[in-house]
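Single-structure report; data block below.
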DNA sequence: TGTGAAATCATGATGTA
DNA sequence: TACATCATGATTTCACA
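Chains as they are written, first to last, in this note's numbering: chain H, 1 to 159; chain A, 1001 to 1159.
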């Protein structure tokens, strides 16, 4: 018995994996360089990347900002308790409007919703919790852990 | 009184911000297109981006993979209790060796360490916890929340 | 910082296995 | 279906103002 829902997987071959390993570490790498490393033509890489985008295996690319260099020195995780489970969606919508909330999940366990927050300072975080979050209709209470230091962060490993 | 340590901020002007807003949403955007939007030359954008990299405001670029399309259907957060606080570093080092652990923070509050995990299935997660995590010297116990659904994820907003 | 020219690259069409 | 080759227009990059 397997209780997990598994979504159908696209066919990814070794060339795709090699491409993914390269472009997930550096989105600006010239496709011709990828091509040379893989021993195929540039157009082949171009077509493969397009296909991986179409399949949704990759959703796009981004330059990664360091929040601290923009003055965002506090990173926190917060569990949210709801007054009633059915407030799920409206609370998530309200959270989405707060730009300091950078990630939001529906979760099992003690919290209904779990979020990641980036604020300028601890004071700014406290203010956000007191003045914005506790005011959201449907939130009963919250529990916050501040990240003292991020030790590492990476994407899921390509086989 | 302000208890927060603030790291010195690089000078970021409006042009930098405009560039950041564009390249953090699409790392492959041609710099010439950015240049046209900003009314400067392509080389100016190139140099600005280089400077932002040197300053550490951006740490690089990446194509963003969708874990589910690679068979990683379970996302979880886990709080780690340590036997002794001084086990901090060695536990973090052990965690870094487990590829399914994609993010690791030192935190305040009830947990000493807080991690994000991507596994193929719930079963795979359970196996990871039972066979790998609980075996790590220094970990007392762990508490896991499974993400049923990610509602949203974004980078910190550029002013 | 910015400009412009040379080197490099992306990308679409076409042919082939 | 996946890839190579080729042509062209765009982009990156570097020397220089």
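No residue lacks a Cβ here, since even glycine has one placed at the ideal position from N, Cα and C.
Start-to-end residues for the alpha helix (DSSP H) that takes in residue i
i, result
"residue 1047(A)", "1042-1055"
"residue 107(H)", "Note, residue 107(H): premise wrong, no alpha helix (DSSP H); beta strand (DSSP E) at 101-107."
"residue 1091(A)", "1088-1096"
"residue 35(H)", "31-38"
Contact set for residue i: own chain, Cβ-Cβ below 7 Å, skip 5 residues either direction
i, result
"residue 1092(A)", "1104, 1113"
"residue 1039(A)", "none"
"residue 1121(A)", "1073, 1074"
Any chain H beta carbon closer than 8 Å to residue i
i, result
"residue 1142(A)", "no"
"residue 1009(A)", "yes"
"residue 1104(A)", "yes"
"residue 1078(A)", "no"
"residue 1025(A)", "yes"
"residue 1156(A)", "yes"
"residue 1061(A)", "yes"
"residue 1071(A)", "yes"
"residue 1013(A)", "no"
Environment of residue i [buried if 16+ CB atoms lie within 10 Å]
i, result
"residue 1067(A)", "buried"
"residue 1076(A)", "buried"
"residue 125(H)", "buried"
"residue 48(H)", "buried"
"residue 1152(A)", "exposed"
C-beta neighbour in chain A for residue i, strict 8 Å
i, result
"residue 48(H)", "no"
"residue 162(H)", "As displayed, chain H neither begins before 1 nor continues past 159, which places residue 162(H) out of reach and without an answer."
"residue 87(H)", "no"
"residue 67(H)", "yes"
"residue 55(H)", "yes"
Element boundaries [beta strand (DSSP E), containing residue i]
i, result
"residue 1012(A)", "Careful: residue 1012(A) lies outside any beta strand (DSSP E) and carries neither H nor E."
"residue 1149(A)", "1139-1153"
"residue 1116(A)", "1113-1119"
Sequence-distant residues of its chain with Cβ nearer than 8 Å to residue i (five each side left out)
i, result
"residue 161(H)", "With chain H represented from 1 up to 159, any question about residue 161(H) goes unanswered, as that position is not in the structure."
"residue 83(H)", "138, 139, 140"
"residue 1136(A)", "1091, 1094, 1095"
Contacts around residue i, its chain only, beta-carbon distance under 6 Å, and the 5 residues preceding and following it disregarded
i, result
"residue 52(H)", "58"
"residue 102(H)", "116, 118"
"residue 1032(A)", "1042"
**OP:** Please confirm if the segment 1050-1063 of chain A is in contact with the segment 1122-1135 of chain A, defined as three or more CB-CB distances below 8 Å between the two stretches.
**Re:** no
Original post:
Do the segment 1011-1018 of chain A and the segment 143-150 of chain H meet, that is, are 3 or more Cβ pairs less than 8 Å apart?
Top reply: no
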